[in-house]
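Visitor: In the numbering used here, the protein residues as written are 155 to 853.
Positions of the beta carbon are idealized from the N, C-alpha and C atoms, including for glycine.
Since we're looking at a predicted model, the values are computed, not measured.
Okay, here's the structure, questions in a sec.
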């Protein structure tokens with residue numbers, strides 16, 4: 155094949171496709187191939203005529219036999235006297251990646267060659283063999299059968315190539331990619347991922363980042379969530395396999411994914427340099443959309459606003475100083491205090507333009523949307539609302555589930571506050587929605603969110619407020635619980651989980667039990683960013699009610715509601731009540747010296763005292779921990795420590811521990827017994843420091 159290459163011309167066109175090097179581009183007929191100098195091989199550049207002909211990467215042509223049966227299935231015979239020199243040895247296939255449909259049948263394959271590294275596509279033919287093209291078929295995602303067989307809630311990792319997908323699969327993850335790499339994603343692939351949580355891992359080059367954005371854009375509105383996860387410290391053109399080889403692992407990958415906000419479409423493409431490439435002069439910051447040159451951006455583009463240009467505005471209160479439109483408020487309290495009943499009272503007021511609790515004005519009229527993970531609609535939510543006089547036609551219960559139609563199969567998928575497209579659609583169906591109740595909020599953060607991590611909570615709640623709730627003027631009222639901590643410096647720090655639960659909402663409300671009246675609850679405001687936070691508390695009780703059954707003649711339905719007191723409680727202090735509620739953490743430690751002194755007095759003058767009797771007597775004197783349901787057999791080690799301490803407090807005395815037959819209930823059993831004896835080794839006299847020692851908590 156040495157010698158000068160002669161391209162095909164109009165006088166000598168390609169014997170395989172009939173094209174020439176001079177054909178007009180874009181018409182699909184041009185062939186930039188040539189006849190080998192030895193005359194044995196026709197180099198044709200048209201893939202649609204390739205069949206099983208070997209691809210040569212150096213010339214980007216397919217090798218056809220000039221005479222005789224060709225791998226493409228045809229005979230070309232360009233000349234009668236062509237030499238019969240042996241053909242070149244075909245290149246060795248390094249890897250075959252098979253793409254299967256939902257039934258597991260191979261639809262097409264990607265073939266990888268090494269030296270040099272190239273890829274080709276082929277498809278199986280009905281009668282056997284393969285065609286080296288994808289004509290007449292609909293390509294599918296890599297690893298599709300395994301992907302469809304996994305839990306719909308499992309994350310799907312989307313990479314650029316099959317090698318990376320296989321690497322992630324080997325680590326136990328669900329991974330996929332499209333054939334032919336960057337720039338070849340199809341919307342049909344996104345249809346197969348509808349309702350899934352997708353994480354796109356771009357390669358570290360411009361085509362890789364552009365491909366990741368195209369994938370995210372195609373998935374947006376179809377997938378349950380989409381995130382473009384940038385891997386740190388990747389080398390140029392590096393991928394996730396390089397990152398794993400450098401020491402990355404699944405836990406770190408998960409942390410990066412959790413820290414990545416949900417992908418949203420950009421208003422405009424990223425700025426580019428004169429050559430059309432993303433600006434990379436060191437003045438920019440890399441994000442999911444490319445490299446942005448901040449130095450060339452206007453103040454408006456940088457998000458800078460002069461305060462003098464901001465028009466002052468009043469807060470749009472739903473309930474003055476307590477609930478604001480377009481903002482989040484949170485209600486916290488221990489279980490069983492009626493938090494959900496209080497929320498239903500707010501819903502009833504908004505649905506009827508009725509009075510707020512304790513006569514604090516009237517609520518504006520609007521639709522209320524309720525999401526509840528704990529209360530059933532038929533046995534709890536509706537009976538409560540009906541007993542409170544709510545307009546049931548103005549209240550909507552949202553199950554936060556989406557019906558996904560995938561390959562003709564309809565399935566239900568849970569939605570979280572990260573699914574902005576879903577919630578926009580919900581609220582847009584009720585444009586007069588004034589109140590959105592989430593009970594409790596941790597149930598709707600989405601899978602994989604650690605609600606004790608400030609950044610993870612903010613990554614969910616702040617975008618939801620800014621992009622979904624605030625533009626529609628909806629008050630987002632969420633419910634959560636209080637923790638058991640005893641070292642909180644303020645009531646808001648008692649809220650379970652991250653402090654973000656208290657920092658993000660503009661209003662924080664807490665419900666506590668009246669320490670002097672077990673049946674009364676107090677609703678009190680612990681924080682207000684846009685008004686006073688020392689509002690008087692509201693008292694209420696839980697009372698039973700009955701409503702009519704569903705049909706005439708059916709038995710009444712029992713329920714319970716919050717019944718509010720008319721007067722407000724001006725002198726109520728939330729911190730005082732919560733301090734009284736929480737009490738100390740466990741029992742105050744008993745000093746071993748005090749227990750030792752009691753033990754000396756208890757054993758003095760006695761012969762043998764069973765250990766079990768000593769334990770009971772010490773507990774009766776509140777010197778040792780009593781049994782509880784959580785700890786039915788608390789440790790008695792403090793009594794042994796006291797016995798050791800006795801020798802230093804009372805020199806010349808010690809506790810002898812032995813066994814003896816002890817009669818109890820008419821029978822005698824061998825039991826552990828203690829007695830006080832003289833003759834212990836001399837020890838230093840007790841000093842003032844001894845009485846002040848603390849040997850740690852008694853368990």
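(1) Starting from the C-beta of residue 248, find all residues in its chain whose C-beta is less than 7 Å away, skip the five residues before and the five after it, and write them out in chain order.
(2) Helix, strand or coil: how does DSSP classify residue 358 here?
(3) With DSSP run on the structure shown, which of helix, strand or coil describes residue 657?
(4) If you drop the 5 nearest sequence neighbours on each side, which residues of the same chain put their C-beta closer than 6 Å to that of residue 619?
(5) Taking buried to mean at least 16 other C-beta atoms within 10 Å of its own C-beta, is residue 448 buried or exposed?
(6) Which residues share a DSSP beta bridge with residue 473?
(7) I'd like to know if the segment 583-596 and the segment 620-628 are in contact, where contact means that at least 3 CB-CB pairs between them fall below 8 Å.
(8) With respect to the alpha helix (DSSP H) encompassing residue 771, which residues constitute its N-terminal and C-terminal limits?
(9) Out of curiosity, what's the CA-to-CA distance linking residue 491 and residue 718?
(10) Is the distance from the Cβ of residue 605 to the Cβ of residue 526 below 8 Å?
(11) Short of 6 Å in beta carbon distance, which residues of its chain neighbour residue 601, apart from the five on each side in sequence? Order them along the chain.
(12) Would you tell me roughly how many angstroms separate the C-alpha atoms of residue 372 and residue 341, rounded to the nearest one?
(13) To the nearest whole angstrom, what separates the beta carbons of residue 757 and residue 809, a pair I think is in contact under 8 Å?
(14) Helix, strand or coil for residue 317 per DSSP?
(15) What separation, rounded to the nearest whole angstrom, lies between the Cα atoms of residue 329 and residue 323?
(16) Let's see if you can read the secondary structure: which residues bound the beta strand (DSSP E) around residue 646?
(17) Can you look up residue 160 in the DSSP assignment and give me helix, strand or coil?
(18) Could you name each continuous beta strand (DSSP E) segment of 3 residues or more that falls completely within the segment 261-302, going from the start of the chain to the end?
(19) Among 708, 713 and 684, which residue has its Cα nearest to the Cα of residue 698?
(20) For residue 382 and residue 370, which I take to be in contact (beta-carbon distance under 8 Å), what is that distance rounded to the nearest angstrom?
(21) Mapping the DSSP letters down to three states, classify residue 397 as helix, strand or coil.
(22) Could you spell out where the alpha helix (DSSP H) holding residue 341 opens and where it closes?
(23) Please look up how many angstroms separate the CB atoms of residue 573 and residue 379, rounded, as I've assumed it's under 8 Å.
(24) Measuring alpha carbon to alpha carbon, tell me which of 361, 765 and 779 ends up nearest residue 797.
(25) Run through DSSP, which three-state label would residue 217 get?
(26) My output table needs one value for residue 551: the three-state DSSP class, helix, strand or coil.
(27) Does the beta-carbon distance from residue 710 to residue 720 come in below 8 Å?
(28) Tell me which same chain residues have a C-beta within less than 8 Å of the C-beta of residue 495, skipping the five on either side of it?
(29) With distances taken Cα to Cα, identify the nearest neighbour of residue 508 among 478, 548, 169 and 480.
(30) Using a Cβ-Cβ cut-off of 6 Å (strictly less than) and excluding sequence neighbours within five positions of residue 673, which residues of its own chain qualify?
Guide: This is what the structure gives:
(1) On the chain shown, residue 248 is found 94 positions in, with the first residue counted as 1. Closer than 7 Å at Cβ, skipping near neighbours: 266, 267 and 268.
(2) The residue you call residue 358 lines up with position 204 of the chain shown. Residue 358 falls in the coil class under three-state DSSP.
(3) As a position in the chain shown, residue 657 is number 503, starting the count at 1. Note: residue 657 maps to helix in three-state DSSP.
(4) Indexing the chain shown from 1 puts residue 619 at position 465. Result list for residue 619: 482, in chain order.
(5) To locate residue 448, count along the chain shown from 1; it is residue 294. Label assigned to residue 448: exposed.
(6) Within the chain shown, the letter at position 319 stands for residue 473. Paired residue(s): 477.
(7) yes
(8) Here the question's residue 771 lines up with position 617 in the chain shown. That run of the alpha helix (DSSP H) goes 765-774.
(9) In the chain shown, counting from the first residue as 1, residue 491 sits at position 337. In the chain shown, counting from the first residue as 1, residue 718 sits at position 564. Using only the alpha carbons, I get a separation of about 14 Å.
(10) The count along the chain shown starts at 1 and reaches residue 605 at position 451. The count along the chain shown starts at 1 and reaches residue 526 at position 372. Their beta carbons are not under 8 Å apart, which means residue 605 does not touch residue 526 by this criterion.
(11) Counted from its first residue, the chain shown places residue 601 at position 447. So the list reads 307, once near-sequence residues are dropped.
(12) One-based indexing of the chain shown puts residue 372 at position 218. One-based indexing of the chain shown puts residue 341 at position 187. Roughly 6 Å between the two C-alpha positions.
(13) Taking the chain shown and counting its residues from 1, the one referred to as residue 757 is at position 603. Taking the chain shown and counting its residues from 1, the one referred to as residue 809 is at position 655. Contact holds; Cβ gap of about 7 Å.
(14) Here residue 317 corresponds to residue number 163 of the chain shown, with the count starting at 1. Reduced to three states, the DSSP call for residue 317 is helix.
(15) For the purposes of this step, residue 329 is taken as residue 175 along the chain shown, with counting starting at 1. For the purposes of this step, residue 323 is taken as residue 169 along the chain shown, with counting starting at 1. Taking the straight line from one Cα to the other gives about 6 Å.
(16) Position 492 of the chain shown, counting from 1, holds the residue named residue 646. Per DSSP, residue 646 belongs to no beta strand (DSSP E) and is neither H nor E.
(17) As a first step, residue 160 is located in the chain shown; it is residue number 6 there, counting from the start. Residue state, collapsed to three classes: coil.
(18) 272-278
(19) Within the chain shown, numbered from 1, the residue matching residue 698 stands at position 544. Closest by alpha carbon: 713.
(20) As a working mapping, residue 382 is identified with position 228 in the chain shown. As a working mapping, residue 370 is identified with position 216 in the chain shown. That belief holds up - the Cβ atoms of residue 382 and residue 370 are roughly 5 Å apart, short of 8 Å.
(21) Taking the first residue of the chain shown as 1, we reach residue 397 at position 243. If DSSP states are grouped into helix, strand and coil, residue 397 belongs with the helices.
(22) For the purposes of this step, residue 341 is identified with residue 187 of the chain shown, where counting begins at 1. First-last of the alpha helix (DSSP H) with residue 341: 341-346.
(23) Within the chain shown, residue 573 is the residue found at index 419, counting from 1. Within the chain shown, residue 379 is the residue found at index 225, counting from 1. Residue 573 to residue 379, Cβ: 6 Å. Contact.
(24) On the chain shown, residue 797 is found 643 positions in, with the first residue counted as 1. The shortest Cα separation from residue 797 among 361, 765 and 779 belongs to 765.
(25) Residue numbering aside, residue 217 sits at position 63 when the chain shown is read from its first letter. In this structure, residue 217 counts as strand in the three-state DSSP scheme.
(26) For the purposes of this step, residue 551 is taken as the residue at position 397 of the chain shown. Here residue 551 sits in strand by DSSP.
(27) Residue numbering aside, residue 710 sits at position 556 when the chain shown is read from its first letter. Residue numbering aside, residue 720 sits at position 566 when the chain shown is read from its first letter. Not a contact, by the Cβ cut-off of 8 Å.
(28) For the purposes of this step, residue 495 is taken as the residue at position 341 of the chain shown. Excluding positions up to five away in sequence, the list reads 538, 696, 714, 715 and 716.
(29) Position 354 of the chain shown, counting from 1, holds the residue named residue 508. Out of 478, 548, 169 and 480, 548 has the C-alpha closest to the C-alpha of residue 508.
(30) Against the chain shown, residue 673 aligns to sequence position 519. Within the same chain, residue 673 has close Cβ partners 695.
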